[in-house]
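Residue numbers for the sequence shown, in this note's numbering: 234 to 1001.
Encoded as structure tokens, the structure appears first; notes follow it.
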Amino acid sequence: MQRILNLIRSWSAKDDLSVKWAILAVVVVLIALMFPQGLAVESDYPVGMIWTENDLYAPFAFPIYKDEREYVRERELAAGKVYNVFEENPAIAREYLDSLQMFFVTLQSLLDRRPEPDQVSALPVQFMESEWRILRTLRAAEQRTGKSLPSYSFDRLRRDVLLVVNGLYLEGIVDVRKSQYREDALIAKRKKTSEQIVPLNRFLDRYELGRSVQQTFIAGFKQDNDTVSIAVKIALTFLMPNVIFQREQTEREVRFAEDLVPRTIGAVSEGERIIAKKERVTDEIKLKLDSMRKAKEERGAGINVYVTFLGKALRVFAIMWMLVMYIYLFRKRIYSDNAKLIMISLLFIIVSFIAYLTVQNTSPLPLRYLIVIPAISMICAILFDSRVAFYSTVVISLIAAGIRGNDYAIALSSLVAGAFAIYTVRDIKKRTQIFRSIIYVFLGYTITIIALGLERYESFEVVGNELLVAGFNAILSPIITYGLLIFLERIFLVPTELTLMDLSDLNHPLLKELSHKAPGSFHHSVSVSTLAESAAQAIGANGTLARVGGLYHDIGKLVNPESFVENQLGTENRHRTMSPRKSVRVIAAHIEDGVKLAQQHHLPQSVIDFIPMHHGTMLVGFFYEKALRQKRSRGEVNENDFRYPGPKPTTKETAIVMLADGVEASTRAISEPTVEKIAANIDSLVKLRLLEGELDESKLTMKDLKQVQESFLKILVGIHHSRLRYPDQEVPAVAAAVPAAPEPSPRTPAKQHAEKRLQRTIDSIDRK
234 MQRILNLIRS
244 WSAKDDLSVK
254 WAILAVVVVL
264 IALMFPQGLA
274 VESDYPVGMI
284 WTENDLYAPF
294 AFPIYKDERE
304 YVRERELAAG
314 KVYNVFEENP
324 AIAREYLDSL
334 QMFFVTLQSL
344 LDRRPEPDQV
354 SALPVQFMES
364 EWRILRTLRA
374 AEQRTGKSLP
384 SYSFDRLRRD
394 VLLVVNGLYL
404 EGIVDVRKSQ
414 YREDALIAKR
424 KKTSEQIVPL
434 NRFLDRYELG
444 RSVQQTFIAG
454 FKQDNDTVSI
464 AVKIALTFLM
474 PNVIFQREQT
484 EREVRFAEDL
494 VPRTIGAVSE
504 GERIIAKKER
514 VTDEIKLKLD
524 SMRKAKEERG
534 AGINVYVTFL
544 GKALRVFAIM
554 WMLVMYIYLF
564 RKRIYSDNAK
574 LIMISLLFII
584 VSFIAYLTVQ
594 NTSPLPLRYL
604 IVIPAISMIC
614 AILFDSRVAF
624 YSTVVISLIA
634 AGIRGNDYAI
644 ALSSLVAGAF
654 AIYTVRDIKK
664 RTQIFRSIIY
674 VFLGYTITII
684 ALGLERYESF
694 EVVGNELLVA
704 GFNAILSPII
714 TYGLLIFLER
724 IFLVPTELTL
734 MDLSDLNHPL
744 LKELSHKAPG
754 SFHHSVSVST
764 LAESAAQAIG
774 ANGTLARVGG
784 LYHDIGKLVN
794 PESFVENQLG
804 TENRHRTMSP
814 RKSVRVIAAH
824 IEDGVKLAQQ
834 HHLPQSVIDF
844 IPMHHGTMLV
854 GFFYEKALRQ
864 KRSRGEVNEN
874 DFRYPGPKPT
884 TKETAIVMLA
894 DGVEASTRAI
904 SEPTVEKIAA
914 NIDSLVKLRL
924 LEGELDESKL
934 TMKDLKQVQE
944 SFLKILVGIH
954 HSRLRYPDQE
964 VPAVAAAVPA
974 APEPSPRTPA
984 KQHAEKRLQR
994 TIDSIDRK
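Below is the structure:
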């Protein structure tokens, strides 16, 4: 199992076109195999419905098949009339009666002398010492007189046991447990040349022998309990079933009786009118319609199976292609992830198989309304988005209708119920919200079932049964959704809004540990998450993902919190005594440490990506410039030694967190914040990231960046509201005494090189 999961996850990392085509081919073939055999069949028309189409004439002659349930019932009745066959085996009685005679001869000889232990142990009946004393007493009484006394003796014991055993064999002992049969059950008792139909209760079974033998000895011979106990023990040893159940013969006769039941009740001639327009479907007409459908399937079996299968496969392919094209054109993140494509395919195959099972089942209930398409709708809406979910609902509804023989009713009802289900979870915030869909799914089914019922003049009973099954589906679908979500999230590594909401809880172990060990980094992360969420929502990106990414982007600082200035509360800055290169190694280590911590706590990969990407390949400017100042005494400085390892942000969300991280930290450093200073700071930082090329792979446009800046400004103005000085305000004396912010550091060669590509970078972003 683990190997399969690893294979799926390895496919997820590969944007291999051949794998995508293979997935589509497998889905098409498997679903096509579930389509009806032979020619396409008509939709189901229940009894009581008005025929709304033109007059229907038989295209060819065909037999009228009995209703499947009636046919099964008749076969069961025919099978029930067959008697279980038992055969009496006289050889068994002869064999055991002879053995009983020999036993008494041997026993008598042992009683007449002192037997050896091995002779005693060889007896088929083992007696206790007290029983041996009774037997010796009975035998000794005989030897004193030379003949049997009027009182009970050994010879009398022998004759009584033989009499009882022989009598029971004559009555018959069956080899089955009678309690498994009805009390009035009859059986066919056969000998070689005769057969009798007799009650099963006439015979004993092996479970009744002990009680019956004991009662016979007590009632018939009136001896003491010890002697009766010896007689019962001997008799039971030599009693075996002699009336044997013939299972194979019985099954053959049952099959023969079932095969005699006729399958048809008439025939329809070619050209005969089956039903007229506006005529009500009766039981008789229903049988003809079903028989014509069955006849079409059988006639289709004679057509080239490859041709018909090709038609079904093309039909499934055409339906699937709608979803394929939508994902390819508008959902590249799904199209590029083969694991997600496999997951969608598995969901389609499972629901298709359920639709196939409803066709094979002969229950009188409308099981087509048990196809849990609303569950697929909700799963896709939660894992992806509502548009992908709606396209998926349309596609799987058409497929289910095709599997059920072009069942328009199930296509329409599933589509409406699925759409209602999507509506209930489109903005899901907690898992229990899934169960809110029960009412909406049932409402969707109710609307379509009643509408179709009125259109087809269906009876109240038919509509009621359909609503009953649909109501069960409305309850079952959320339960399936709830259970499958946990499984799919873990197996296919698809973080849902629910997972992200769980991770955004500040009581998460990682965040709680961060707040205790690195409080400065924790508060910085919370501020970054607020900025990132607002900016992501402003440009239509995933605000929840950006928020979670902001919360966890600095968790690597847990390993060495004192090395970061925001956590150095009243302590000396340890970087003053370090070389620039060592300081950079310590600072950059929080990236690798953060990734390890995230993996240990099983964070989704989409969240882990924020840890290395929020710094990208940026230059750690302060220590690089410090190294440049020490250049004469320390030798040449390699710029790459002072860069973060990357990679650069590859999504809008990771790029936004990169910008929010820099903006939040730099804004806190403004000694006297004003709206203009904050706005200038934001604009300066965004331009710097553009100059450095850190946003080249992020898919952000210049329009997006403008909206991100506006969102940042709005949030930061709110955060620093109590400290802001607006242009028309006078500077307080205390504030005026605070030194101005230091001038920007001189341009490094890297910055000079980056400025040359500014226009090219902006043009590149504008073209996205």
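We put the beta carbon where it would ideally sit given N, CA and C, even for glycine.
Under the 8 angstroms Cβ criterion, the segment 437-453 does not count as touching the segment 300-318, having fewer than three qualifying pairs. Cβ-Cβ separation between A765 and A893: approximately 4 angstroms, consistent with a contact (criterion under 8 angstroms). Sixteen is the threshold: since fewer than 16 other Cβ atoms of the shown chains lie within 10 Å of the Cβ of P292, the residue is exposed. According to the DSSP assignment, N317 belongs to no alpha helix (DSSP H) but to the beta strand (DSSP E) extending over 317-321. Per DSSP, reduced to three states, the secondary structure at F360 is coil, with no helix or strand assignment. At the C-beta level, A633 and S585 come within 8 angstroms of one another. Ranked by Cα distance from K859, the first of E886, V840, H823, M811 is M811.
A buried status is given to Y589, since no fewer than 16 other beta-carbon atoms sit within 10 Å of its beta-carbon. Just so you know, the alpha carbons of Q482 and V398 end up roughly 29 angstroms apart.
In this structure, the straight-line span from the alpha carbon of V658 to that of Q666 is close to 7 angstroms. Around the beta-carbon of I430, fewer than 16 other beta-carbon atoms lie within 10 Å, marking it exposed.
Going by beta carbons, M734 and K663 fall inside the 8 angstroms limit. Comparing C-alpha distances from L556 to each of V628, L368, Y298 shows the shortest one belongs to V628.
In the three-state reduction of the DSSP assignment, D842 falls in the coil class.
S931 is not a Cβ neighbour of T900, given a cutoff of 8 angstroms.
Residue state for K859 is assigned as helix, using DSSP reduced to three classes. Per the C-alpha coordinates, the member of E925, A831, S619 positioned closest to R876 is E925. The beta carbon of R922 lies closer than 6 angstroms to those of L928 in the same chain, with the five residues before and after it left out.
Spatial neighbours of T763 in its own chain (CB-CB distance under 7 angstroms, excluding positions within 5 residues in sequence) are listed in chain order as I948. Nearest to N706 by alpha-carbon distance, out of S692, I719, L676, L718, is L676. Nearest C-alpha to I889 among L861, G651, D842: D842. Taking a C-beta distance under 8 angstroms as the contact criterion, I567 and I560 qualify as a contact pair.
L852 is bridged by DSSP to R876. The segment 317-331 and the segment 473-482 touch, with no fewer than 3 CB-CB distances between them shorter than 8 angstroms. Our two residues, G443 and R389, have alpha carbons roughly 21 angstroms apart in a direct line. Relative to E905, the option among S944, V315, V950 whose CA is nearest is V950. Per DSSP, the continuous alpha helix (DSSP H) segment holding Q482 begins and ends at 480-492. Taking the Cα positions, F489 is about 29 angstroms away from V592.
Counting only residues of its own chain and dropping the five nearest sequence neighbours on each side, T595 has a CB closer than 8 angstroms to the CB of E301, R302, V305.
Annotation: the segment 294-342 contains the following complete segments of the alpha helix (DSSP H) (minimum length 4 residues), in chain order: 301-313. D937 carries a helical assignment under DSSP once its states are collapsed to helix, strand and coil.
Unbroken alpha helix (DSSP H) stretches of 4 residues or longer found wholly inside the segment 408-479: 442-454, 458-470, given in chain order. If you look at A765, you'll find it in the alpha helix (DSSP H) that goes 752-771. In this structure, D916 is the residue among H953, I952, D916 with its C-alpha nearest to the C-alpha of K939. Take the alpha-carbon of R480 and the one of L580: they are about 45 angstroms apart.
If you check the CB distance, N740 and K253 do not come in under 8 angstroms.
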